[in-house]
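Novice: Got a structure for you, written out below as structure tokens; questions coming shortly.
Protein chains: 2
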Amino acid sequence: MAKVNKTRYAILGLLNTGPMSGYDIKKHFEQIASNFWSESYGQIYPILKRLDTDGLATRAIEKQVGKPDRHIYTLTSKGQDELMVWLKQPVERHVGRHEILLKLIFGSAIPVTENIKQLRHFQKLHEDELVGLKSIQARMKTKDKEHPSLMYWKLTARFGELVNEALIKWSRESVSVLEKMNGK
Amino acid sequence: MAKVNKTRYAILGLLNTGPMSGYDIKKHFEQIASNFWSESYGQIYPILKRLDTDGLATRAIEKQVGKPDRHIYTLTSKGQDELMVWLKQPVERHVGRHEILLKLIFGSAIPVTENIKQLRHFQKLHEDELVGLKSIQARMKTKDKEHPSLMYWKLTARFGELVNEALIKWSRESVSVLEKMNGK
DNA sequence: TCTATATATATCTAAATGATATATATCTAA
DNA sequence: TTAGATATATATCATTTAGATATATATAGA
Numbered sequence: 001m002a003k004v005n006k007t008r009y010a011i012l013g014l015l016n017t018g019p020m021s022g023y024d025i026k027k028h029f030e031q032i033a034s035n036f037w038s039e040s041y042g043q044i045y046p047i048l049k050r051l052d053t054d055g056l057a058t059r060a061i062e063k064q065v066g067k068p069d070r071h072i073y074t075l076t077s078k079g080q081d082e083l084m085v086w087l088k089q090p091v092e093r094h095v096g097r098h099e100i101l102l103k104l105i106f107g108s109a110i111p112v113t114e115n116i117k118q119l120r121h122f123q124k125l126h127e128d129e130l131v132g133l134k135s136i137q138a139r140m141k142t143k144d145k146e147h148p149s150l151m152y153w154k155l156t157a158r159f160g161e162l163v164n165e166a167l168i169k170w171s172r173e174s175v176s177v178l179e180k181m182n183g184k
Numbered sequence: 001m002a003k004v005n006k007t008r009y010a011i012l013g014l015l016n017t018g019p020m021s022g023y024d025i026k027k028h029f030e031q032i033a034s035n036f037w038s039e040s041y042g043q044i045y046p047i048l049k050r051l052d053t054d055g056l057a058t059r060a061i062e063k064q065v066g067k068p069d070r071h072i073y074t075l076t077s078k079g080q081d082e083l084m085v086w087l088k089q090p091v092e093r094h095v096g097r098h099e100i101l102l103k104l105i106f107g108s109a110i111p112v113t114e115n116i117k118q119l120r121h122f123q124k125l126h127e128d129e130l131v132g133l134k135s136i137q138a139r140m141k142t143k144d145k146e147h148p149s150l151m152y153w154k155l156t157a158r159f160g161e162l163v164n165e166a167l168i169k170w171s172r173e174s175v176s177v178l179e180k181m182n183g184k
């Protein structure tokens, strides 16, 4: 399939929850999707302009004192329609680029102990990630208790939980395999 | 940390296993790393030229009849050194962009049944992936039995196995949660 | 007082993705 | 048999994504 600008839809999706600025959009993604999505200003600002000229959103300027003006974007019904079409489109297979595996597959070029070190570090990263997720899940049970999308938010957190658990398990297994190989 | 060209190291890693052409490099990645890495010619060919001018690889041209010449690249010891330095560098946290989660987090904009459909499709994708992995693992036990990197290859396959199992489990769970929500 | 953080828009480079161009050969199914 | 798909091989191009930096002001904390 042709190349699809996912950021465009990510932005439409957020605007569908209410009017906001590019800055707000970045903030929101950091809060609700930091474990599975990231957006950069380098994409957000040009796309917002594009949405305006394409009639998918309208722009209003909110003056502020001492701070730059806020450009508030509001989704139009045309924008809403485009979002819904995309939401229903089936996702495609996607190969994540896992740097740890790239290093490991060339692992025989360095001592086994170096690969073990690498794996332990990887394990730590995902243990930390899991801790972060638990606090997100805790916040959902209190602060976001009434949010209409709560159910969906929970599913995304559960995704992170299961994947990180799998990665931690894999790290442990791999370390033990390599230690055995190293005659330990 | 600054932006790092990972393809560059992916290529160094492959060249370390023996001299080859850009075409070979693509083929090799499809064979040994299709479940966790992908490379495009758009990156491979310019980088190979770069490796030559930087003294990390040397180029030899192999004439062929009826087919284009093969440009065979051979890693230099300088290239080997750079590879090993990178292999020992700890990996960084990386947020994979999971489109299924992006769609799901905005899921309340469409009927629950549409989200269920989406999840079932996602589950199927990963069930298929798991089947593909099994056959890779089978090949390792026969054809690649003597390969010096076999142990590392097995670890990458096991990674795919555990992650895909987690994703399938998550899909099932999520479908059942949404079906309950839908009063079914 | 200096530093870090927050507010806000904007741009730039570099890297990754996916498609296409070019040219020949072979294999396969209608 | 012939049209279409696949394989060999290099190469480039347009988009998309990532990450850093520029600019300017305000505030909170060490």
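Taken in sequence, the protein lines are chains D and Z. Under this note's numbering, the residue at position 89 of the first sequence is numbered 89, and the numbers go up by one with no gaps. Under this note's numbering, the residue at position 101 of the second sequence is numbered 101, and the numbers go up by one with no gaps. Virtual Cβ for every residue (Gly too), placed ideally from N, Cα, C.
Our contact map puts isoleucine 105 of chain D next to tryptophan 153 of chain Z with C-beta atoms below 8 Å; I'd like the distance itself, whole angstroms only.
Specialist: 7 Å
Novice: Could you list which residues in chain D have their beta carbon closer than 8 Å to that of methionine 20 of chain Z, in chain order?
Specialist: Those within 8 Å of methionine 20 of chain Z in chain D number zero; the least Cβ separation is about 14 Å.
Novice: Tell me, please, which residues DSSP counts as bridged to glutamate 62 of chain D.
Specialist: D/Arg70
Novice: Glutamine 43 of chain Z versus chain D: which residues are under 9 Å apart at the beta carbon?
Specialist: Within chain D, no residue comes near glutamine 43 of chain Z; the closest Cβ sits about 12 Å away, beyond 9 Å.
Novice: To which residues of the same chain is glycine 107 of chain Z closer than 7 Å at the C-beta, ignoring the five residues directly before and after it?
Specialist: Excluding positions up to five away in sequence, the list reads Asn115.
Novice: Under the assumption that valine 163 of chain Z contacts valine 163 of chain D (Cβ atoms under 8 Å), give the Cβ distance between them as a whole number of angstroms.
Specialist: 6 Å
Novice: Consult DSSP for leucine 162 of chain D and reduce its assignment to one of helix, strand or coil.
Specialist: helix
Novice: Got a sec: which bits of the region 105-120 of chain Z sit with their beta carbon under 7 Å from any beta carbon on chain D, in order along the chain?
Specialist: Ile105, Phe106, Gly107, Ser108, Ala109, Ile110, Glu114, Gln118
Novice: Under 9 Å Cβ-Cβ, which residues of chain D neighbour glutamate 173 of chain Z?
Specialist: Here the neighbours are Leu155, Arg158, Leu162.
Novice: Can you grab the Cα-Cα spacing for the pair threonine 74 of chain Z / glutamine 43 of chain Z, in whole Å?
Specialist: 18 Å
Novice: So for alanine 57 of chain Z, helix, strand or coil by DSSP?
Specialist: strand
Novice: Beta-carbon separation of alanine 60 of chain D and glycine 79 of chain D under 7 Å?
Specialist: In terms of Cβ geometry, alanine 60 of chain D and glycine 79 of chain D do not form a close pair [threshold 7 Å].
Novice: Closer than 8 Å by beta-carbon distance: list the chain D residues that pair up with asparagine 16 of chain Z, in chain order.
Specialist: Correct list: Phe106, Ala109.
Novice: Given a cut-off of 7 Å, decide if histidine 98 of chain D and proline 90 of chain Z are closer than it, judged by their beta-carbon atoms.
Specialist: Contact check for proline 90 of chain Z against histidine 98 of chain D fails: the beta carbons are separated by 7 Å or more.
Novice: My assumption, with CB atoms under 8 Å, is that leucine 102 of chain D sits in contact with alanine 2 of chain Z. Please give the rounded CB distance.
Specialist: Actually they do not touch by this definition, with Cβ atoms about 18 Å apart.
Novice: Identify every residue that forms a DSSP beta bridge with methionine 185 of chain D.
Specialist: Residue 185 of chain D is absent from the structure shown; chain D starts at 1 and stops at 184.
Novice: Could you confirm whether any beta carbon from chain D is found closer than 7 Å to the beta carbon of methionine 140 of chain Z?
Specialist: no
Novice: Tell me the rounded alpha-carbon separation between valine 95 of chain D and lysine 63 of chain D.
Specialist: 44 Å
Novice: Distance cutoff 7 Å, beta carbons only. Does alanine 57 of chain Z sit that close to anything in chain D?
Specialist: no
Novice: Out of curiosity, what's the CA-to-CA distance linking glutamate 92 of chain Z and leucine 119 of chain D?
Specialist: 12 Å
Novice: For asparagine 35 of chain D, which residues from the same chain have a beta carbon less than 8 Å from its beta carbon, with the 5 sequence-adjacent residues on both sides left out?
Specialist: Glu129, Gly132, Leu133, Ile136, Thr156, Ala157, Gly160
Novice: Could you run through the region 62-80 of chain D and flag, in chain order, every residue whose CB is less than 7 Å away from some CB of chain Z?
Specialist: none
Novice: Would you kindly work out how many angstroms separate the C-alpha atoms of tyrosine 83 of chain D and leucine 12 of chain D, rounded to a whole number?
Specialist: Note that residue 83 of chain D corresponds to leucine in the displayed sequence, not to tyrosine. Cα-Cα distance, rounded: 6 Å.
Novice: Can you list the alpha helix (DSSP H) stretches of 4 or more residues lying completely in the region 70-115 of chain Z, in chain order?
Specialist: 77-88, 99-105
Novice: What residues in its chain sit with their C-beta under 8 Å from that of methionine 185 of chain D, if we drop five residues either side in the sequence?
Specialist: Chain D is shown only over 1 to 184; residue 185 of chain D falls outside these bounds and no answer can be derived.
Novice: Does DSSP classify histidine 147 of chain Z as helix, strand or coil?
Specialist: coil
Novice: Which of the three DSSP states, helix, strand or coil, is assigned to lysine 124 of chain D?
Specialist: helix
Novice: Counting only beta-carbon atoms, is alanine 10 of chain D nearer than 7 Å to chain Z?
Specialist: It does: the Cβ of alanine 10 of chain D has a partner Cβ on chain Z nearer than 7 Å.
Novice: If we ignore side chains and look at the alpha-carbon of each, how far apart do isoleucine 25 of chain D and leucine 125 of chain D end up?
Specialist: Straight-line measurement puts the Cα of leucine 125 of chain D at about 26 Å from the Cα of isoleucine 25 of chain D.
Novice: Does the separation of the CB atoms of threonine 7 of chain Z and glutamate 39 of chain Z fall below 7 Å?
Specialist: yes
Novice: Would a check of beta-carbon distances place arginine 50 of chain D closer than 7 Å to chain Z?
Specialist: no
Novice: Got a sec, what are the start and stop residues for the alpha helix (DSSP H) glycine 13 of chain Z sits in?
Specialist: 6-15 is the extent of the alpha helix (DSSP H) around glycine 13 of chain Z.
Novice: Please report the straight-line C-alpha distance between isoleucine 168 of chain D and asparagine 5 of chain Z, rounded to a whole angstrom.
Specialist: 26 Å
Novice: Strictly below 7 Å CB to CB, what residues from chain Z border tyrosine 152 of chain D?
Specialist: Leu104, Ile105, Gly107, Ser108, listed in chain order.
Novice: Please return the same chain residues whose Cβ sits closer than 8 Å to the Cβ of methionine 20 of chain Z, not counting the five positions on each side in sequence.
Specialist: Leu14, His28, Ile72, Tyr73
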